[in-house]
Amino acid sequence: MYNVKSLKAEEFIDDEEILETLAYADANKNNVELIDSIIAKAKETKGLTHREASVLLACDIPEKNEEIFKLAEEIKKEFYGNRIVLFAPLYLSNYCINGCTYCPYHGKNKTIPRVKLTQEQIRQEVIALQDMGHKRLAIEAGEDPVNNPIEYILESIKTIYSIKHKNGAIRRVNVNIAATTVENYRKLHEAGIGTYILFQETYHKESYEQLHPTGPKHDYAYHTEAMDRAMEGGIDDVGLGVLFGLDKYRYEFAGLLMHAEHLEAVHGVGPHTISVPRLCPADDIDVDEFDNTISDDIFAKIVACIRIAVPYTGMIVSTRESQKTRERVLHLGISQISGGSRTSVGGYTTEERPEDTTQFDVSDRRSLDEVMKWLIDMDYVPSFCTACYREGRTGDRFMALCKAKQIQNCCLPNALMTLKEYLEDYASEETKAAGLKLIEKNIPDVTNPKAKETLELRLKKIEEGERDFRF
Ligand code: SAM
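Each residue of the sequence shown is one higher than the one before, counting from 3 in the numbering used here.
Structure below.
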């Protein structure tokens, strides 16, 4: 029985409720009156239920779809302005004992070399990432209690935070590791992580079990209830996601929103971010063997509908997507992207692009500087801001800032200051010139006179060599 507040996976992600939602969405996909009322509700920017959002996703009336896309763009602008936060993944180890049928790190893959970084190698990788200009990382590892125990992850986080190379610093480490215990989540929290990210892969229990035939990840309930344990362990910011292509996208979409509703109902705060990865080709993975892959148009519609349904939740798109696709979805609601990424263990310190340990093939292969220039040319403000988390504005405290619409006086100045740091320390001449113009153009948008004055002073100080200011 569906119960949003239940702590049992099969009750808060109730299969029957999803099937009824999909039937309701199908029955109403041409119901103009209902669709208009849902769009009107969405305009109040307080979000939509999974049923309402599923009707919009199913809707195939071209004019209504245009309204949905337009509204997604408006909500994106209202809540996130023109800022795009940048991060990079850092692969620590590809040892894994799971049997995920879509991931080349699965335990039975004998062709992929297994690599686990030492603390010294992590140091070198982090220095390379700092030299690119990154301030925010997402660490990734396979699940292997012997090779990658929690102590290894904790030690690695400590190493990452400790490295101060030139003006570089990693100021926020997000963590994407397998579902674990409350005790381990507490340790991660105490180590000062940002967001704990765990993709559900698929919300469809039967498919989930088939796609994860062996290893600890096979346990659907343990995986699906991981965010509740993370929150119990003190982690306020959690990141959801499904791997689109594994099961039917409408099912996943409804499940994703039900999961968000569950976190809000039980813990008083929804997910900090939602990621929208799509299945990619990889070492021994043939995407053609999966028959639920989605088109670029459907992908864009999913992003727009998530943006409308959960306006306060950040949305992430990685370099799995091409420049063209990323450009399209940025407008529709994406607030964070990765740039200059390597998805192989040790990939940032190897001269040539090492293909042998990559987790999936990257589509967007541009350098971080190229990504920065591209964003600036489109009038986006690339941001390396990590202020909220470092000021303790996590969970509902971050949501309160969003809801009070203080983003223009807080997030925008922080974005401009971190952009200025990047331009001073790491940018090519071309990017620097374009970026400085962009900063000047955006200063007037800081509406609070005191904040504007402080911002201008700090920008000058950054030019003179000071670093790490924040609002
Ligand atoms: N091992 C951890 C776990 O099981 O949650 C997390 C790390 S894994 C490196 C990060 C994510 O990459 C997975 O959750 C999965 O969604 C995604 N992934 C795996 N294989 C992929 C593929 N072939 N294409 C795109 N994404 C993939």
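Where is the CB? At the ideal position from N, CA and C, for every residue including glycine. Small disclaimer: the values here were computed from a predicted structure and weren't measured.
Query, Result
"For the putative contact between I63 and I310, defined by C-beta atoms under 8 angstroms, what is the C-beta separation to the nearest angstrom?", "That belief does not hold up - the Cβ atoms of I63 and I310 are roughly 16 angstroms apart, past 8 angstroms."
"Give a single yes or no on whether A143 has its beta carbon closer than 7 angstroms to a heavy atom of the ligand SAM.", "yes"
"Assuming N416 and A389 make a contact with CB atoms under 8 angstroms, what is their CB distance in whole Å?", "5 angstroms"
"Let me check understanding here. Comparing Cα to Cα, which of D146, A256, E46, N444 lies closest to V94?", "Here residue 94 turns out to be Leu, not Val, going by the sequence shown. For the residues D146, A256, E46, N444, the minimum Cα distance to L94 belongs to D146."
"Which runs of the beta strand (DSSP E) spanning at least 3 residues fall entirely within the stretch 82-137, listed in chain order?", "85-95"
"M317 lies in the beta strand (DSSP E); which residues open and close that run?", "316-319"
"Going straight from the alpha carbon of N84 to that of V331, what length do you get?", "13 angstroms"
"Could you check where the beta strand (DSSP E) with L242 kicks off and where it finishes?", "240-243"
"So I124 and G109 are supposed to be a Cβ contact under 8 angstroms. How far apart are they, rounded?", "Their Cβ separation, rounded to whole angstroms, is 23 angstroms, which puts I124 and G109 out of contact at 8 angstroms."
"Looking at C-alpha atoms only, which residue of E153, T23, R174 is the closest neighbour of G394?", "R174"
"Pull up the CB-CB distance for K207 and A180, whole angstroms please, since I reckon it's below 8 angstroms.", "The pair is not a contact, with the Cβ atoms about 18 angstroms apart (cut-off 8 angstroms)."
"Nearest-angstrom Cα distance between F362 and T103?", "13 angstroms"
"Would you mind working out which of I336, T449, E372 sits nearest L425, comparing C-alpha positions?", "E372"
"With distances taken Cα to Cα, identify the nearest neighbour of P451 among A223, N411, A228.", "N411"
"Does DSSP put V383 in a helix, in a strand, or in coil?", "strand"
"What number of angstroms, rounded off, separates the C-alpha of G101 from the C-alpha of K326?", "33 angstroms"
"Considering just the uninterrupted stretch of the beta strand (DSSP E) at N178, what are its terminal residues?", "174-178"
"For the stretch 325-385, which segments carrying the alpha helix (DSSP H) assignment without a break, of at least 4 residues, lie completely within its bounds, in sequence order?", "325-332, 370-379"
"Excluding the five sequence neighbours on either side, which residues of its own chain have a C-beta within less than 8 angstroms of the C-beta of K10, listed in chain order?", "A223, E227"
"Is Y253 near Y205, with beta carbons less than 8 angstroms apart?", "yes"
"Looking at the strands, I want to know which residues DSSP matches up with R280.", "F246"
"Do H52 and L259 have their beta-carbon atoms positioned less than 8 angstroms apart in this structure?", "yes"
"Under the criterion of a Cβ to heavy atom distance below 7 angstroms, does N2 qualify as lining the ligand SAM?", "An answer regarding residue 2 cannot be provided, because it is not within the stretch 3 to 473 covered by the chain."
"For the candidate residues D358, I464, D427, whose alpha-carbon lies nearest to that of L131?", "D427"
"Using DSSP's beta-bridge definition, name the partner residues of E142.", "Y93, N178"
"Run the proximity test for Q338: is its beta-carbon closer than 7 angstroms to any non-hydrogen atom belonging to the ligand SAM?", "no"
"Look up Y210 in the DSSP assignment and say whether it is helix, strand or coil.", "helix"
"Based on Cα-Cα distance, which residue from K250, T183, G144 lies nearest to R116?", "G144"
"Grab me the residues of S337's own chain with a C-beta within less than 7 angstroms of its C-beta, minus the 5 sequence neighbours each way, in chain order.", "Y82, I86, V87, G316, M317"
"May I ask you to report which of helix, strand or coil DSSP gives I445?", "helix"
"Measuring alpha carbon to alpha carbon, tell me which residue in I159, E35, N30 is nearest A60.", "N30"
"Check this for me: beta carbons of A74 and L440, under 8 angstroms apart or not?", "no"
"In terms of residue numbering, what span does the alpha helix (DSSP H) encompassing L459 cover?", "451-465"
"Going by alpha carbons, who is nearest to T345 out of D16, I339, P91?", "P91"
"Which residue or residues does DSSP assign as beta-bridge partners of T275?", "G241, G316"
"Taking the alpha carbon of A262 as the reference point, which residue from E46, Q202, A402, G170 has its own alpha carbon closest?", "Q202"
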